[in-house]
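Under the numbering used here, think of the first position of the sequence shown as 34, with each following residue one higher. Note that CB positions come from ideal geometry on N, CA and C, so glycine has one too. Quick caveat: nothing in here was measured; it's all calculated off a predicted structure.
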Amino acid sequence: MSSEERPEVSFYLFPHLKEFLVADMRRQVPGRPALLSISWQEVLDNTFHREVEQGLSTLLREGEAFPLANLITLPARVEEVVREAGLRAMLRRLGIPAEGPGVPRIGVFLIAGQVVTARGEALTRALEELVGHLSPSGFQREALHALERMLQQEREVLHRLEREHLQRALLGQAPGFYTLWQKPPQQG
34 MSSEERPEVS FYLFPHLKEF LVADMRRQVP GRPALLSISW QEVLDNTFHR
84 EVEQGLSTLL REGEAFPLAN LITLPARVEE VVREAGLRAM LRRLGIPAEG
134 PGVPRIGVFL IAGQVVTARG EALTRALEEL VGHLSPSGFQ REALHALERM
184 LQQEREVLHR LEREHLQRAL LGQAPGFYTL WQKPPQQG
């Protein structure tokens, strides 16, 4: 990746953690480059919630011309509203404008799926790819260690959630699961 393509600010998001990692490589900003661990509580504030509410309100009112088409595409557009408001909130937390000439190149990495379940050499390669654009190498190592720590936390949460879900299923408390001696729920 050339220096023109490298993100200046990289967000590393873990779906089940209460914090995320930011590698802020903007050298023109005092105190940077920096590796920051930020709590979602600091980001998903009242401003974020207001933006989401306004966006959803607009979506619901847009579909007057084609109401069914509006409803059919609503889930994807809701996701877009939440994602955009979330990115603006993360940028706001770092003091970065969401639009205009001061916006740095941004990378957003969602750490989920195969990265979380990977082990050994495959995991090492995946993590090195995630931080490969960071320099100097000491900063890269620090980011790698932070990602490994957070990845382990993500695995632990997922494992706990799996156990809880299995336990609810065995007790007949999980929707969609029933034991052989239990009458399945009736449809319709």
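Quick check on Leu180: buried or exposed, where buried means 16 or more other Cβ atoms within 10 Å of its Cβ? buried
Report the three-state DSSP secondary structure of Val85 (helix, strand or coil). helix
Going by C-alpha to C-alpha distance, which of Trp73, Val42, Gly64 and Leu68 sits closest to Glu52? Of Trp73, Val42, Gly64 and Leu68, the residue nearest in Cα terms is Trp73.
Reducing DSSP to helix, strand and coil, say where Phe172 ends up. helix
Based on DSSP bridge pairs, tell me the residues matched to Gly140. Ser43
Go ahead and label Asp57 buried or exposed: buried means 16 or more other beta carbons lie within 10 angstroms of its beta carbon, across all protein chains shown. buried
Supposed contact pair Leu93 and Arg110 - C-beta distance, whole angstroms, cut 8 Å: With 8 Å as the limit, Arg110 and Leu93 do not qualify as a contact, their Cβ atoms being about 10 Å apart.
Of all the options Ala176, Leu204 and Arg188, which has the alpha carbon lying nearest to the alpha carbon of Arg152? Arg188
Taking the alpha carbon of Gln222 as the reference point, which residue from Glu117, Ile71 and Glu132 has its own alpha carbon closest? With the chain covering 34 to 221 only, the question about residue 222 has no answer from this structure.
Using the Cβ count rule (16 or more neighbours within 10 Å means buried), how would you classify Glu112? exposed
Can you check DSSP and say which residues form a bridge with Ile71? According to DSSP, Ile71 bridges with Phe53.
Simplified DSSP state of Gln147, which is helix, strand or coil: Per DSSP, reduced to three states, the secondary structure at Gln147 is helical.
Exposed or buried, what is Ile144 when buried is set at 16 or more other beta-carbons lying within 10 Å of its beta-carbon? buried
CB Gln186 to CB Leu50, shorter than 8 Å? yes
Under 8 Å between the Cβ atoms of Met183 and Phe44? no
Would you check whether the ligand GTP has a heavy atom nearer than 7 Å to the C-beta of Val85? No copy of the ligand GTP appears in this structure; indeed no ligand is present at all.
contact_flag[the stretch 55 to 71, the stretch 167 to 174] where n(CB pairs < 8 Å) is 3 or more: yes
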